[in-house]
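Report on the following structure.
2 protein chains.
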Amino acid sequence: MSETTIGDTGEFDLIARITEVLPRTAQVVIGPGDDTALVATQSGSVLATIDVLVEGVHFRRDWSSATDVGRKAAAASLADIAAMGGVATALLVGFAAPWDLPVEWALECTAGLTAEATKVGACIVGGDVVASSVITVSVTALGDLQGRSPVLRSGAHAGDVLAVAGRLGWSAAGLAVLAGGSCSPAELIDAHRVPDPPYAAGPMAADAGATAMIDVSDGLIADARHLAEASGVDVVIDSADWIIPESMSTAASDIGADPRDWMLTGGEDHALLATFPADAVLPAEFRIIGSVMASDEPGVIVDGVRRYGPGGHVHFTLEL
Amino acid sequence: MSETTIGDTGEFDLIARITEVLPRTAQVVIGPGDDTALVATQSGSVLATIDVLVEGVHFRRDWSSATDVGRKAAAASLADIAAMGGVATALLVGFAAPWDLPVEWALECTAGLTAEATKVGACIVGGDVVASSVITVSVTALGDLQGRSPVLRSGAHAGDVLAVAGRLGWSAAGLAVLAGGSCSPAELIDAHRVPDPPYAAGPMAADAGATAMIDVSDGLIADARHLAEASGVDVVIDSADWIIPESMSTAASDIGADPRDWMLTGGEDHALLATFPADAVLPAEFRIIGSVMASDEPGVIVDGVRRYGPGGHVHFTLEL
């Protein structure tokens, strides 16, 4: 069976096939098919972010389905909107791929992007399809604060509590399992293929008075450092009483790894790391994992030890 | 002399070096450095578009400087905003590149993006830097209608005049000259390297009552067809009395090409093609090149001959 490729179909027919099945939400004034989209902005301003996923760097086609890649690409941008306290409204997708890629792959990737966007009430409003030797999915997410003030990285104060919503280290553990040639535990591999960011927790944190927030895309220590440096404080993490998920303990002992390393440095789970005043009532999704201290040398302290270096997630090693 | 590469610098240092020199306009509430940007939207809605440029497909590093590539990448998206009748406010840039790329190239590309954005009063508000085997620049432009109604592709009526602002065929002519191994006429090669879209003509066309408009990125016939099909009309182009720029006549006779073909099918100049009511007073940038007719078979007629097929621009041939 010879599959139809996007080179056979051509750019315009592929775009037509993609756009004819796209859902459209109430915020979309003009969707795909014109030179730009037009999206309503409830708050008089728009949140906007771009993330790029590259085959061989952020995903492998033998490890992830096209749907997985679409969902993962959307999640990276959608989580950034949540981390500001916003709700995503729209995605724009730049899709670069070899012309011998099956059309089906492009359509399934789009379905994945749409499925993830639908979780937060957003949809794809525009895009571009171009030729490239390597599949590259660029996703811009737009979002609305719905009247909230944005929660920046720079607002943490000494005395705040540090809390996290969502998974830590699951994607890194799944990647380690896949790299070791295993296909179990499945829930970790699934977590590597498709993250499950706690989107709703972002606006809830803003409503609960979060002083600072960041999407954990590079790893807990690395992103805590971004927050610490932007706020001019020390972020103190206490991992002593963390409950290690059983699947992660199992995988770690199989591989000879320390699951706590995955949780401290693994990226791509898109947890939300936030600081709150000590007397704030935290949304149920958040668990306290530390505190904020004044510092002359802003950084990250884990279990009493100051951590230097990036301490973050490294994607697959590129051979260039 | 060994140049510093972006692999030497690392993602975060490169981002820091890029962002420290970025200008910032009044519309930017939150710029680079947080999980998303926040951009003011004057009209209660935001125009948004994405375009992707790939090395070897849309540019070659031996033919274009990094600044040229940045300007060209920005122009593709900024022209889309103009074609809706809007004014661009902000760019988001996804930059994928081999880690052995000199840092200087990335900085100059960013300077090119900024230079082009500055022409319309916009600036870079966010981005992403990732590893890839091929340089890929994804640019999202945001824009504001400033109270205007958007000018769609679908609004052309029988009896309207067809008019164009900006250059036709210059980029294609420059590409043909470069591909032939020549470096003259310089103005055509420059036009291929850096387009000069008539940004201001977009909002002016909207104010003058344009019924439909499109950015000529794929070629006059190809984009006229998009407009014709969206509006359900025939777009009639009369090229008989076109004045062929002297540089284009010279280049064409050197190569043995027909300059009119470049003007009818060459893309990437980002001219604006618009339709206006017959009694409209056209902005000075626009010249009338045809008319709109009712049709049961919407399409494009050039000098009395109905044109089928894409009739558009083909980028460099990719070897995949």
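Keeping their order, the protein sequence lines are chains W and L.
Counting the first sequence from 1 gives a position; my numbering is that position plus 7.
Counting the second sequence from 1 gives a position; my numbering is that position plus 7.
Don't be surprised by glycine CBs; every beta carbon is placed ideally from N, CA and C.
Would DSSP call W:THR12 helix, strand or coil? If DSSP states are grouped into helix, strand and coil, W:THR12 belongs with the strands.
Determine, using beta carbons only, whether L:GLY150 comes closer than 8 Å to chain W. L:GLY150 counts as touching chain W.
Query raised in the report: Among residues of its own chain, excluding the 5 on either side of L:ARG294, which ones have a beta-carbon nearer than 8 Å to its beta-carbon?
Result: Cβ neighbours of L:ARG294 beyond the five flanking positions: ALA170, VAL171 and ALA172.
By the three-class DSSP mapping on this structure, what secondary structure does W:ARG313 have?
Of the three classes helix, strand and coil, the one that applies to W:ARG313 here is strand, per DSSP.
Practice problem: Grab the span of the beta strand (DSSP E) containing L:ALA104 for me, first residue to last. | Solution: Counting along the chain, the beta strand (DSSP E) containing L:ALA104 begins and ends at 94-104.
Q. Sorted by chain position, which residues of the same chain lie with C-beta nearer than 6 Å to W:ALA217's C-beta, five sequence neighbours on each side aside?
A. Here W:ALA217 has VAL158, ALA281 and PHE283 as same chain residues with Cβ atoms under 6 Å from its own Cβ, once five neighbours each way along the sequence are excluded.
Kindly indicate which three-state DSSP category W:PRO157 falls into: helix, strand or coil? W:PRO157 falls in the coil class under three-state DSSP.
*Listed by chain order, chain L residues near W:THR26 by CB distance under 7 Å*: Chain L residues near W:THR26: none, gap ~13 Å exceeds 7 Å.
**Prompt:** Rounded to a whole number of angstroms, what is the C-alpha to C-alpha distance between L:GLY14 and W:VAL184?
**Reply:** Looking at the backbone, the Cα of L:GLY14 and that of W:VAL184 are separated by about 27 Å.
*asked:* Along the chain, where does the beta strand (DSSP E) containing L:CYS190 start, and where does it finish?
replied: Counting along the chain, L:CYS190 falls outside any beta strand (DSSP E), and DSSP gives it neither H nor E.
Practice task
Using a Cβ-Cβ cut-off of less than 7 Å, list which residues of the stretch 59-78 of chain L approach chain W; keep chain order.
Solution key: Of all residues in the stretch 59-78 of chain L, the ones placed with a Cβ closer than 7 Å to any Cβ belonging to chain W are VAL59, VAL61 and VAL64, in chain order.
request  = Starting from L:ARG160, find everything on chain W with Cβ-Cβ shorter than 7 Å and list it in chain order.
outcome  = Those are ASP41, listed as they occur along chain W.
Following the continuous beta strand (DSSP E) through L:MET220, name the residue where it begins and the one where it ends.
Where L:MET220 is concerned, the enclosing beta strand (DSSP E) starts and stops at 219-223.
| Going along chain W, which residues have a C-beta under 7 Å from L:LEU175? | Within chain W, no C-beta atom comes nearer than 7 Å to that of L:LEU175; the closest sits roughly 17 Å away.
Which residues in the same chain have their Cβ closer than 8 Å to the Cβ of W:GLY77, if we skip the five residues on either side of it in sequence? The beta carbon of W:GLY77 lies closer than 8 Å to those of GLU115, CYS116, THR117, ALA118, GLY119, LEU120, THR121, ALA122, GLU123 and VAL144 in the same chain, with the five residues before and after it left out.
L:VAL28 classed as buried or exposed, judged by whether at least 16 other C-beta atoms fall within 10 angstroms = Around the CB of L:VAL28, fewer than 16 other CB atoms lie within 10 Å, so the residue is classed as exposed.
* So, is the C-beta of W:GLY119 closer than 8 Å to a C-beta in chain L? -> Residue contact check for W:GLY119 against chain L: no CB pair falls below 8 Å.
### With 16 other Cβ atoms within 10 Å as the buried cut-off, status of L:SER191
Burial call: exposed.
Spatial neighbours of W:ALA301 within its chain, please: CB distance less than 7 Å, with the 5 preceding and 5 following residues excluded, ordered by chain position.
-> The answer, listed in chain order, is ALA165 and VAL240.
So which residues of chain L does W:GLY157 contact, with C-beta pairs closer than 7 Å? Correcting the residue identity first, residue 157 of chain W is Pro in this sequence and not Gly. Result: ILE37 and LEU45.
query: With a Cβ-Cβ cutoff of 8 Å, do W:THR349 and L:ASP42 count as a contact?
result: Given that chain W is displayed from residue 8 to residue 327, the structure contains no residue 349 of chain W and the question cannot be resolved.
- Query: Between L:ALA289 and chain W, is there a C-beta pair that is closer than 8 Å?
  - Reply: According to the sequence provided, residue 289 of chain L is Leu. The question's Ala does not apply to it. Judged by the 8 Å Cβ criterion, L:LEU289 is not in contact with chain W.
*Interface positions of the stretch 116-140 of chain W facing chain L (Cβ-Cβ less than 9 Å), listed along the chain*: Residues of the stretch 116-140 of chain W with a Cβ closer than 9 Å to any Cβ of chain L, in chain order: VAL132, GLY133, GLY134, ASP135, VAL136, VAL137, ALA138, SER139 and SER140.
Nearest candidate by alpha-carbon position, reference L:GLY274, set L:VAL146, L:VAL100 and L:ALA83
The option with the nearest alpha carbon to L:GLY274 is L:ALA83.
Within-8 Å CB hit, L:MET300 to chain W:
Judged by the 8 Å Cβ criterion, L:MET300 is not in contact with chain W.
Self-check item: Reduced DSSP category for L:THR125 - H, G, I as helix; E, B as strand; rest coil
Solution: The answer is helix: DSSP assigns L:THR125 an H, G or I state.
In whole angstroms, give me the CA-to-CA distance for W:ASP75 and W:VAL146.
So the alpha carbons of these two residues sit roughly 14 Å apart.
query = Taking the continuous beta strand (DSSP E) assigned at L:VAL53, which residues delimit it?
reply = Segment 52-61, the beta strand (DSSP E) holding L:VAL53.
Between L:ILE57 and chain W, is there a C-beta pair that is closer than 8 Å?
-> True, the Cβ-Cβ gap to chain W drops below 8 Å.
Q) Between which two residues does the beta strand (DSSP E) carrying W:MET91 extend? A) Counting along the chain, W:MET91 falls outside any beta strand (DSSP E), and DSSP gives it neither H nor E.
- Distance CB(L:LEU34)-CB(L:THR125) smaller than 8 Å: In the sequence as presented, Leu is not what sits at residue 34 of chain L; that position holds Gln. L:THR125 sits away from L:GLN34, with the two beta carbons spaced by 8 Å or more.
Just checking L:CYS116 against the ligand COA - is the residue's beta carbon closer than 7 Å to any of the ligand's heavy atoms? With respect to the ligand COA, the structure offers nothing, as it holds no ligand at all.
Cβ neighbour criterion (16 or more within 10 Å) applied to L:THR11:
By the neighbour-count definition (other C-beta atoms within 10 Å, threshold 16), L:THR11 is an exposed residue.
Run through the DSSP bridge pairs and tell me what L:VAL35 is partnered with.
L:VAL46, per the DSSP bridge assignment.
| request: Note down the Cα distance separating W:VAL312 from L:GLY51, rounded to an integer number of angstroms. | output: Straight-line Cα distance between these residues: approximately 49 Å.
Within 9 Å of chain L by C-beta, residues of the stretch 235-261 of chain W in sequence order: If the cut-off is 9 Å between Cβ atoms, the stretch 235-261 of chain W has ALA237 near chain L.
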